[in-house]
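Chains as they are written, first to last, in our numbering: chain P, 11 to 313; chain G, 11 to 313.
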């Protein structure tokens with residue numbers, strides 16, 4: 011039995027890719043089960059509820075379990091205590107950072123969403139995509155490309171989304187995308203810690219440990235009014251987990267910019283973005299993607 | 011234009027995969043050209059001559075060139091001075107060891123030959139395999155799996171080879187495989203340096219630089235009579251290139267064993283294989299594959 015899992019603090023792409031890919035594996039005669047390793051966010055809940063699909067169960071690690079990693083490949087973003095021999099496959103759209111002892115099945119493509127790759131694999135293997143899977147794939151593509159506005163978006167993602175929308179007789183993609191993002195963006199009931207860690211990824215480069223969280227919003231007024239509270243919680247988290255730098259991308263998906271809030275070693279942020287720092291923050295116009303626009307400059311600054 | 015290249019000291023799988031994959035890319039509307047970065051071995055010459063296919067030209071690096079790496083992914087096995095931004099795709103069946111700043115198209119599978127993966131990609135993209143490409147793919151699978159006896163061989167490789175053999179109306183696979191291996195195994199005209207470096211791969215692990223060459227033979231008497239000469243040449247090469255360890259797999263493909271000759275830090279060989287050393291050599295029954303049976307224990311010993 012293979013357990014198909016997305017990353018820690020999973021987003022819709024991670025959970026949808028796990029469900030869709032395990033379905034494909036089953037159709038190809040491989041015993042596999044979609045799981046999650048962490049709680050899902052409200053956007054993912056909204057998407058799964060919309061089509062009445064059950065959210066995968068949480069899986070815990072044990073040495074005999076074998077895993078397929080989707081939407082991530084770096085081990086510190088995966089289930090705790092993962093060993094190389096437990097990893098059977100990787101399907102991902104992030105930068106690869108692995109050093110294996112044995113050859114493995116790995117497929118990464120520079121597309122906007124892991125679900126775009128999974129959809130291609132359905133086609134390549136001539137497996138029909140059922141409606142509920144098509145809906146999950148489409149939602150994940152809309153989510154991960156921020157409704158096709160993120161610079162990670164490719165023509166291939168758009169073509170795949172159109173094909174899925176047609177299969178589903180889907181109406182207004184943009185309206186659905188905004189509804190989905192709003193489900194995630196309701197901050198009123200959330201603690202500062204929730205906001206920081208809702209979509210939070212950890213990295214290591216040359217001995218520096220850093221993390222980048224992201225909140226995608228349609229209006230920044232509420233979060234801006236809580237900035238001091240959130241920065242102070244970020245400082246606490248930094249001490250607790252011994253990070254050198256914590257960033258939070260506060261992204262306005264309507265006006266297409268990110269305010270990058272941060273605590274920790276500010277030289278890294280200065281070197282990475284070359285921008286004026288004001289109130290522990292740099293303003294980054296047209297920046298929407300952690301993977302493509304925030305992590306690479308930080309990695310470069312650290313290398 | 012993409013240049014599709016195999017590794018240094020290319021084998022038949024590297025050159026055949028480059029030719030076949032560039033053909034597939036062209037069919038998919040991508041400008042691509044198969045090249046080599048080093049001279050080919052007599053086996054590859056034999057295979058290409060057999061079907062009258064031209065051997066790809068040698069390519070030299072320049073910063074504006076973009077590459078597809080086939081049959082390797084580690085940069086020190088690739089064209090000199092390769093930079094990450096020059097690498098557009100990787101198709102390989104070796105262990106992955108990469109740390110990228112950007113997402114890329116990467117596909118590795120634990121199959122016996124890169125050409126098995128390339129064949130799957132033809133099918134997935136519904137592109138017909140022309141006869142000369144089918145012949146190259148089949149030859150590469152036979153070569154890299156040592157006529158299906160290497161432990162890297164999978165059921166999938168065998169199935170693909172049968173399918174290709176059927177397309178080609180091919181007779182005795184084993185007889186052809188041995189003929190091919192014999193073409194490579196004619197040592198009489200070769201210098202000790204030629205024998206060592208004909209199929210030679212370099213590695214680095216935790217600051218140790220080592221290399222593993224391989225000669226596949228149907229009879230070891232000739233090479234055994236030249237052992238002192240070859241070991242002394244290995245010592246010279248070790249000093250010249252500053253290796254910590256050089257191994258030469260002297261593989262008997264008929265009786266299915268390898269004598270691993272080596273010069274350099276013998277503790278690595280002792281730790282990796284736990285065998286008695288005699289005359290700078292350890293005897294390894296049923297060992298045929300560098301990738302699966304020699305490199306992993308050495309990497310483990312060094313980690």
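Every residue gets a Cβ at the ideal spot worked out from N, C-alpha and C, and that includes glycine.
On the criterion of 16 or more Cβ atoms from any shown chain inside 10 Å, does residue i qualify as buried, or is it exposed?
| i | result |
| --- | --- |
| residue 277/P | exposed |
| residue 23/G | buried |
| residue 301/P | buried |
| residue 126/P | buried |
| residue 84/P | buried |
| residue 39/P | exposed |
| residue 228/G | exposed |
| residue 263/P | buried |
| residue 54/P | buried |
| residue 167/P | buried |
| residue 201/P | exposed |
| residue 251/G | exposed |
| residue 32/G | buried |
| residue 110/P | buried |
| residue 309/P | buried |
| residue 288/P | exposed |
| residue 210/G | buried |
| residue 282/G | buried |
| residue 299/P | buried |
| residue 350/P | Since the first residue shown for chain P is 11 and the last is 313, residue 350/P is missing from the structure and cannot be characterised. |
| residue 182/P | exposed |
| residue 81/G | buried |
| residue 169/G | exposed |
| residue 58/G | buried |
| residue 141/P | exposed |
| residue 185/P | exposed |
| residue 68/P | exposed |
Look up residue i in the DSSP assignment and give the residues it is bridged to.
| i | result |
| --- | --- |
| residue 42/P | 12/P |
| residue 293/G | 269/G |
| residue 56/P | Answer is none; residue 56/P lacks a bridge partner. |
| residue 77/G | 13/G and 97/G |
| residue 227/P | 262/P |
| residue 220/G | 213/G and 255/G |
| residue 68/G | 46/G |
Would the beta-carbon of residue i fall within 8 Å of that of residue j?
| i | j | result |
| --- | --- | --- |
| residue 225/P | residue 258/P | yes |
| residue 223/G | residue 253/G | no |
| residue 17/P | residue 88/P | yes |
| residue 150/P | residue 44/P | no |
| residue 108/G | residue 76/G | no |
| residue 114/P | residue 120/G | yes |
| residue 48/P | residue 66/P | no |
| residue 12/G | residue 132/G | no |
| residue 51/P | residue 190/P | no |
| residue 188/G | residue 220/G | no |
| residue 14/P | residue 78/P | yes |
| residue 124/P | residue 101/P | yes |
| residue 164/P | residue 217/P | no |
| residue 313/G | residue 215/G | yes |
| residue 128/P | residue 30/P | yes |
| residue 112/P | residue 248/G | no |
Can you find a heavy atom of the ligand GDP that lies under 7 Å from the Cβ of residue i?
| i | result |
| --- | --- |
| residue 125/G | For the ligand GDP, the structure offers nothing, since it holds no ligand at all. |
Q: Note down, one range per segment and in chain order, each alpha helix (DSSP H) of at least 4 residues found wholly within the stretch 139-214 of chain P.
A: 141-154, 165-178, 183-195 and 202-207
Q. Could you give the uninterrupted runs of the beta strand (DSSP E) lying entirely in the stretch 236-286 of chain P, keeping only those of 3 residues or more?
A. 255-262 and 267-274
Q. Quick one: any contact between the stretch 293-308 of chain G and the stretch 262-272 of chain G, if contact means 3 or more CB pairs under 8 Å?
A. yes
Q. Between the stretch 301-313 of chain P and the stretch 235-247 of chain P, do at least 3 Cβ pairs fall closer than 8 Å?
A. no
Q) Using 8 Å as the Cβ pair cut-off and three pairs as the minimum, do the stretch 164-178 of chain G and the stretch 138-153 of chain G touch? A) yes
Q. Does the count of Cβ pairs from the stretch 156-167 of chain P and the stretch 194-206 of chain P closer than 8 Å reach three?
A. no
Q: Write down every uninterrupted run of the beta strand (DSSP E) in the stretch 103-135 of chain G whose length is 3 residues or greater and which is fully enclosed by it, in chain order.
A: 107-109 and 115-118
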